[in-house]
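Under the working numbering, the residue at position 328 of the sequence shown is numbered 350, and the numbers go up by one with no gaps.
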Amino acid sequence: MLNASVWRHALGVDRATVIESVDFDEEAESVVIHVRPRRHTKRRCGICGCRAPGYDQGQGRRNWRAMDLGVLVCHLQSDAPRVKCPTHGPTVAQVPWARHGAGHTRHFDDQVAWLVTHTSKSAVAELMRVSWRSVGAIITRVVADARAAKDPFEGLVRIGIDEISYRRGHKYLTVVVDHDSGRLVWAAVGRDKATLEAFFDLLGEERSSLISLVSADAAEWIATVVAQRCPNATLCADAFHMVAWATKALDEVRKGIWRLARQIGAPNLIAHLKGCRYAQLKNPEHLTDNQQQGLARVAAVNKTLYRAYLLKEQFRLVFQLRGREAVRALDAWCSWARRCRIPAFVELYHRIVRHRASIVATLTNDGLSNALVESTNTKLRLLTRMAYGFKSTDNLIALCLLDRGGYCPALPGRNRSSASAFATLG
Ligand SMILES: [Zn+2]
23 MLNASVWRHA LGVDRATVIE SVDFDEEAES VVIHVRPRRH TKRRCGICGC RAPGYDQGQG
83 RRNWRAMDLG VLVCHLQSDA PRVKCPTHGP TVAQVPWARH GAGHTRHFDD QVAWLVTHTS
143 KSAVAELMRV SWRSVGAIIT RVVADARAAK DPFEGLVRIG IDEISYRRGH KYLTVVVDHD
203 SGRLVWAAVG RDKATLEAFF DLLGEERSSL ISLVSADAAE WIATVVAQRC PNATLCADAF
263 HMVAWATKAL DEVRKGIWRL ARQIGAPNLI AHLKGCRYAQ LKNPEHLTDN QQQGLARVAA
323 VNKTLYRAYL LKEQFRLVFQ LRGREAVRAL DAWCSWARRC RIPAFVELYH RIVRHRASIV
383 ATLTNDGLSN ALVESTNTKL RLLTRMAYGF KSTDNLIALC LLDRGGYCPA LPGRNRSSAS
443 AFATLG
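Given below as structure tokens:
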């Protein structure tokens, strides 16, 4: 048999773990490694790590799944006694090779978490021989551990607040991103004042007063809470959400005209409208030749729809400008929209006027990344779909934080600084 030091290196455990013996379980085709914590690391509470007197033997010997050895499944086996923590009462004692409450070793957890952010759902489950449900529990542990080790709200100055729908739009997460680091810093179920207040409770009064800028869609509940909790913050309207309003208004106009065309039986118009729907929703620089021709037909067939298209485009362009030039473009757009006699856009105009202050704040604040809000939003939507099959929304939130919060651990056995972990956030 190989010596204990080689086994320790192969398993990636440090000197706090004593290797007692190695067995091969032929029936389960599994390597079982008998271990115990070294004496000085014994008798600490599994939850808080405080020294505590022994309590009992718990449920006897336990197995922790470790990373495979070659083609074989591998388990670490050890006693799992309980200690009597002054804070937590009788608790299973801490072990150096695994997180508290885990059925897998730290390295196993870390490898699963790394794979989740780098490959497909089925590849993770198959390669690591775990259920997708267990993956949810694993990444929740990994993220909780990382967040406990370092203040997740350190240095927050400019934040973005957004809401993401999941479960086919029936439920919502409120999410907070850091505009400066690009990281997702917090997420919770719900989209109301109470949910957002929970974030500011965690942040605390002192750090909340350091927030200088909050970007968000124009939701009332966000504006109310931000005004109460962040006395020094300017509220900015997210360009991403504003442009989405204009796109929606255009779609309304298109639908109205289509309904009318069907009522009066105008087959040519219907055919034209059908052909150009996507062309109108796309940005002009991304149009194919065919789509450009379709758009030209709209100009010829239906002037209202074409004007609506131009209004939407003009509005989008406002957000590509900066500073005073952008504000001038916004005002020009407003005076055009006010007189356009297209109900959906007149309504949009009123909405924009109501939120003018926060839109101007967006246009005049440098370095506010609209691309960040947009890409985070898109990525989180994908992640909510990936989270189907997890046991709880805690697992979904952990997945979002793991991927967008910079909490992906390094692969076991490779040293990678956390700085380069952030760099992979794209
Ligand atoms: Zn404790």
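Glycine included, C-beta positions come from ideal geometry on N, C-alpha and C. Owing to the predicted nature of the structure, the values given are computational and were not obtained by experimental measurement.
- Message: Is it buried or exposed, Asp78, if we count other Cβ atoms within 10 angstroms and call 16 or more buried?
- Response: exposed
- Query: Taking the Cβ atom as the reference point for each residue, do Val95 and Ser52 lie within a distance shorter than 8 Å?
  - Reply: yes
- State yes or no: is the C-beta of Val40 within less than 8 Å of the C-beta of His97? no
- Query: Which stretch, first to last residue, makes up the alpha helix (DSSP H) that contains Glu250?
  - Reply: The question names Glu, yet the displayed sequence has Gln at residue 250. Per DSSP, Gln250 belongs to the alpha helix (DSSP H) from 242-251.
- Query: Pick out every residue whose C-beta is nearer than 7 Å to a heavy atom of ligand 1: which are they, in chain order?
  - Reply: Cys67, Ile69, Cys70, Cys72, Ala74, Cys107, Thr109, His110, Thr113
- Query: Where DSSP assigns a beta bridge to Leu94, which residues make up the other side?
  - Reply: Leu91
- Under the rule that 16 or more other beta-carbon atoms within 10 Å means buried, what is Val236, buried or exposed? buried
- Message: From the DSSP secondary-structure annotation, give me the bridge partner or partners of His56.
- Response: Ser43, Gln99
- Item | Coarse secondary structure for Gly411, derived from DSSP in three states | coil
- Would you mind sorting Gln116 into buried or exposed? The rule is 16 or more other CB atoms within 10 Å of its CB. buried
- Excluding the 5 residues preceding and the 5 following His110 in the sequence, name in chain order all residues of the same chain whose CB lies nearer than 7 Å to its CB. Cys67, Ile69, Cys70
- Query: Going along the chain, which residues of its own chain have a beta-carbon closer than 6 Å to the beta-carbon of Ala32, five neighbours each way excluded?
  - Reply: none
- Determine the burial state of Asn25: buried for a count of at least 16 other Cβ atoms within 10 Å of its Cβ, exposed for fewer. exposed
- Does the Cβ of Ala50 have 16 or more other Cβ atoms within 10 Å, making it buried, or fewer, making it exposed? exposed
- Would you grab the beta carbon distance between Cys258 and Ala383 for me? Rounded to a whole angstrom, and I think it's under 8 Å. 4 Å
- What three-state label does DSSP hand Tyr429 in the structure shown? coil
- Query: Does the count of Cβ pairs from the stretch 264-279 and the stretch 402-409 closer than 8 Å reach three?
  - Reply: no
- Query: What are the boundary residues of the alpha helix (DSSP H) that includes Lys172?
  - Reply: No alpha helix (DSSP H) contains Lys172, which DSSP labels as neither H nor E.
- So Ala147 packs on Val157, CB below 8 Å; how close in whole Å? 7 Å
- Item | Contacting residues, own chain, Cβ-Cβ under 6 Å from Val265 (five flanking each side not counted) | Arg338
- Please confirm whether Gly427 and Arg205 have their CB atoms less than 8 Å apart. yes
- Please report the residue range of the beta strand (DSSP E) in which Lys304 lies. Here Lys304 belongs to no beta strand (DSSP E), and DSSP marks it neither H nor E.
- Message: Can you look up Ala26 in the DSSP assignment and give me helix, strand or coil?
- Response: helix
- Quick one: what's Asp200 bridged to in DSSP? Ile181
- Name the two residues that bound the continuous beta strand (DSSP E) containing Lys106. 104-107
- Task: Please name the residue, chosen from Ile160, Leu137, His201, that lies closest to Leu149 on a Cα-to-Cα basis.
- Result: Leu137
- By how many angstroms is the C-alpha of His140 removed from the C-alpha of Ala102? 34 Å
- Cα-Cα, which of Ser357, Ala135, Arg376 is closest to Ala241? Arg376
- Only counting runs of 4 or more residues, tell me where the alpha helix (DSSP H) segments fall wholly within the stretch 308-395, in order along the chain. 311-323, 325-340, 345-360, 365-376, 378-386
- Task: Measure the Cβ-Cβ separation of Ile186 and Leu421 and say whether it is below 8 Å.
- Result: no
- Note down the Cα distance separating Ile181 from Leu433, rounded to an integer number of angstroms. 30 Å
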